[in-house]
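J.: Note that the sequence shown covers residues 41 to 474 in the numbering used here. After the structure tokens below, expect a handful of questions from me.
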Amino acid sequence: MAASGATLPKFDKDHDVMLFLKMYDPKTRSLNYCGHIYTPISCKIRDLLPVMCERAGFQQETSLILYEEVKPNLTERIQDYDVSLDKALDELMDGDIIVFQKDDPENDSSELPTAKDYFRDLYHRVDVIFCDKTIHNDPGFVVTLSNRMNYFQVAKTVAQRLNTDPMLLQFFKSQGYRDGPGNPLRHNYEGTLRDLLQFFKPRQPKKLYYQQLKMKITDFENRRSFKSIWLNSQFREEEITLYPDKHGCVRDLLEECKKAVELSEKGSEKLRLLEIVSYKIIGVHQEDELLECLSPAASRTFRIEEIPLDQVDLDKDSEMLIPVAHFHKEVFGTFGIPFLLKIRQGESFREVMRRIQTMLDIQEKEFEKFKFAIVMMGRHQYITEDEYEVNLKDFEPQPGNMSHPRPWLGLDHFNKAPKRGRYTYLEKAIKIHN
């Protein structure tokens, strides 16, 4: 007896079959269970259509499309409604599933217009965690995607979650040996999401990384990431990353920098690119120099700064820009922020000292402890003459030694700053990932 007291319908195990019914709605992309039925094996498919319409709440004359759900990744359409169940369904047995949906032309505009599309999508469905590459240990957010999606479909879905333009996103693979972003993906990547996730273990969380851009990815990919230091008008440094044209020159880099920093109100509005090694300026790069010639290295840093007004135009016969660096006792122990200083032939060195004190904003009592030296080829010679007058030849490269850095003015004083700094040339620790 049934729980309600009613007698269970008679079931002939040799001639009857129990079927489950499901209704697919393309508009909501959902599958709805519509119960089960007992019916003779000899029953024709067409005889079941009224029952399906009733279970789904459709009008009796509603045209239906039917499928047999063989297994999650295999759904076959039933073509002939005038044949018996044993001929319409493959290897008919109790518990077989028939999925039906309205035969509506509007279904074609749906993302998953048929039940077969729905089951295929369900089979390939995967949860992916997207983490912001620019945020350390970002927990990210989960998006349900299809393994069959291409790059743009993934980008479009993630962009909707972030409320941005898909073209303003860049994606990165996950590193195979540790948790972190790997190589960037090109916007014209031809593989599928399955290809990107193939190295993840079955139960391992699937993770990809992204970063939001300020320019379209098509433009961004033609640019180069250039890390440098910006020296502002307060003589303070900050790290910046610029994206000039990868085939451009230093001039293009400086123009990009102008868009990213704040220049002095009454400054020259002209920038220059310096190369710094071990806290010493070793050169100023010309504006027409190709960026591809400026390869990054752990031993050097590039710095961009606004050219002071008094250094924009130089009299080549009587004026010169010299590199200035800080050291304490040993010239190889440089530290601090190096800078360029304009000197004039024959000017009093006391005037040079005054300009340095003003530039560095050092109190008189502290500045009295400074000693000054001309450093050339690793050797330094202190300036001890009170009435020393600047001789430009003292700062010119020595004949026959063009491979050595030009002489520089050293400021010998105690280093009050922390020992570890930005312009270090020491090797970093090597990490070995098993």
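Using N, Cα and C, we set each Cβ at its ideal position, and we do this for glycine too. The model shown is predicted, which means the values in this text are computed figures rather than measured ones.
Counting only the same chain and skipping the five closest in sequence on each side, list residues whose C-beta sits under 7 Å from that of R201.
T.: F181, V183
J.: What separation, rounded to the nearest whole angstrom, lies between the Cα atoms of P245 and I316?
T.: 43 Å
J.: What do you reckon, are the CB atoms on E345 and L451 nearer than 7 Å?
T.: no
J.: Which value, in whole angstroms, describes the spacing of the CA atoms of Y283 and R264?
T.: 5 Å
J.: How many angstroms separate the CA atom of L162 from the CA atom of M63?
T.: Distance between the alpha carbons of L162 and M63 is about 15 Å.
J.: Bridge partners for F389 per DSSP, in chain order?
T.: According to DSSP, which records beta bridges pairwise, F389 is partnered with nothing at all.
J.: Give me the Cα-Cα distance between L114 and T102, rounded to the nearest whole angstrom.
T.: Distance from the CA of L114 to the CA of T102, rounded to the nearest whole angstrom, comes to 26 Å.
J.: Count the other CB atoms, across all protein chains shown, that sit within 10 Å of the CB of E151; report buried if there are 16 or more and exposed otherwise.
T.: exposed
J.: Tell me whether D130 is buried or exposed, calling it buried when 16 or more other Cβ atoms sit within 10 Å of its Cβ.
T.: exposed
J.: Along the chain, which unbroken stretches of the beta strand (DSSP E) at least 3 residues long are found entirely within the stretch 293 to 354?
T.: 311 to 317, 320 to 325, 341 to 346
J.: Closer than 7 Å, CB to CB, is V168 near chain B or not?
T.: This model lacks chain B altogether, as it is built from one protein chain only.
J.: Using 8 Å as the Cβ pair cut-off and three pairs as the minimum, do the stretch 191 to 199 and the stretch 267 to 281 touch?
T.: no
J.: What would DSSP say about K254, mapped onto helix, strand or coil?
T.: Shown here, K254 sits in coil according to DSSP, grouped into three states, outside any helix or strand.
J.: Spell out a yes or no on whether the stretch 276 to 294 and the stretch 323 to 337 are touching, meaning 3 or more CB-CB pairs, one atom from each, closer than 8 Å.
T.: yes
J.: Is the separation between the beta-carbon of Y249 and that of K173 shorter than 7 Å?
T.: yes
J.: From Y465 to L449, what distance separates their C-alpha atoms?
T.: Unreliable positioning characterises Y465 in this predicted model, as indicated by a pLDDT of 42, which lies under 50. The coordinate reading is nonetheless provided below. Looking at the two C-alpha atoms, the distance is approximately 21 Å.
J.: Assuming I85 contacts I118 under a Cβ cut-off of 8 Å, what Cβ separation, rounded to an integer in Å, is found between them?
T.: 6 Å
J.: Are I77 and L59 closer than 7 Å when you measure CB to CB?
T.: yes
J.: Shortest alpha-carbon distance to P336 belongs to which of I383, N203, I322, K267?
T.: K267
J.: Using a Cβ-based criterion (distance less than 6 Å to any ligand heavy atom), does E94 qualify as near the ligand MN?
T.: As for the ligand MN, it is missing from this structure, which has no ligand bound.
J.: Could you tell me the alpha carbon to alpha carbon distance between H473 and Q215, rounded to whole angstroms?
T.: Its pLDDT being 44, under 50, H473 is placed unreliably by the model, and the measurement read from it follows with that caveat. Their backbone Cα atoms lie some 11 Å apart in a straight line.
J.: To the nearest angstrom, report how far apart L57 and K50 are at their CA atoms.
T.: According to the sequence displayed, residue 57 carries Val and not Leu. Roughly 11 Å between the two C-alpha positions.
J.: Return helix, strand or coil for P90, following the three-state DSSP convention.
T.: helix
J.: Name the DSSP bridge partner or partners of M26?
T.: Outside the displayed range of the chain (41 to 474) lies residue 26, so it cannot be described from this structure.
J.: At which residues does the beta strand (DSSP E) containing R201 begin and terminate?
T.: Taken as a continuous stretch (DSSP letters only), R201 belongs to no beta strand (DSSP E), being part of the alpha helix (DSSP H) at 191 to 202.
J.: Got a sec, what are the start and stop residues for the alpha helix (DSSP H) F407 sits in?
T.: 404 to 407
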